[in-house]
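The block underneath contains the structure these notes are about, expressed in structure tokens.
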Amino acid sequence: MSALLLLALGSCQKNLSDEQENNNKKAEEFEAFVESGAKFRAVDYYAESPIDYNEQDGEVILETNLKKYIRDYIVDDDIYFGTNGQIRFVQNDVKISSNGAAEIFVPYRAYGDKSGVMVDYIDDLYQPLSYVLHEKGSTYFILSWKRPQDGVRLFSRYEQVL
């Protein structure tokens, strides 16, 4: 009986290890993709199910299309992922009011864990926020995170600008 238990535990550990290894490989592929020197732009924002995104406005408006909530200075940014673990946000015409610099640099990291590819990125104020890499295509990627107040997953799409 104990031999069967050890065998079962060993195979579960191997499966977790294989999954972690697979996700580490995906994280490396993602880093190679974004660190290629390409310029990216934020192009879409949406929820997996209807939510009241602006809970402070006194109205309950349930919606999944959240594109109108992307900050204008984020949409205006050219985003470059450096090979040094830094992202360079080139603030074009529209700048965040708290930082009028032409460029903002913030750290990022992509890594695999047992649940997927994690990406340490930013929120809408250029502050650190951890995401899951939801999808990567040949010219885009989608990051997601769960809102703590309701557990609804929100998605941000970034496309390569040629």
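Numbering (the numbering used here), first residue to last: 308 to 469.
Note that beta-carbon positions come from the ideal geometry of N, C-alpha and C, so glycine has one too.
Own chain residues within Cβ distance below 8 Å of residue i, not counting five before or after
{"i": "W452", "result": "L436, S437, Y438, V439, R460 and L461"}
Straight-line gap, residue i to residue j (C-alpha atoms, nearest Å)
{"i": "T446", "j": "K346", "result": "10 Å"}
{"i": "E326", "j": "G344", "result": "29 Å"}
{"i": "D359", "j": "E336", "result": "35 Å"}
{"i": "I386", "j": "Y353", "result": "20 Å"}
Top-ranked residue by Cα proximity to residue i, from the options
{"i": "I411", "options": "F388, N372 and P357", "result": "F388"}
{"i": "D351", "options": "Q327, F340, K402 and Y376", "result": "Y376"}
{"i": "Q393", "options": "V424, I429 and S422", "result": "I429"}
{"i": "E442", "options": "K421, P455, E342 and E466", "result": "E466"}
Cβ neighbour criterion (16 or more within 10 Å) applied to residue i
{"i": "D457", "result": "exposed"}
{"i": "G367", "result": "The sequence given here has Val at residue 367, not Gly. By the 10 Å Cβ count, V367 comes out exposed."}
{"i": "L432", "result": "exposed"}
{"i": "L450", "result": "buried"}
{"i": "E338", "result": "buried"}
Neighbourhood of residue i by C-beta, 6 Å cutoff - its chain only, sequence neighbours within 5 removed
{"i": "N541", "result": "Any property of residue 541 remains undetermined from this structure, which presents the chain solely from 308 to 469."}
Pair within 8 Å by beta-carbon distance, residue i and residue j
{"i": "V397", "j": "D379", "result": "no"}
{"i": "K424", "j": "K333", "result": "The amino acid occupying residue 424 in the given sequence is Val; Lys does not appear at that position. Yes, the Cβ-Cβ distance between V424 and K333 is below 8 Å."}
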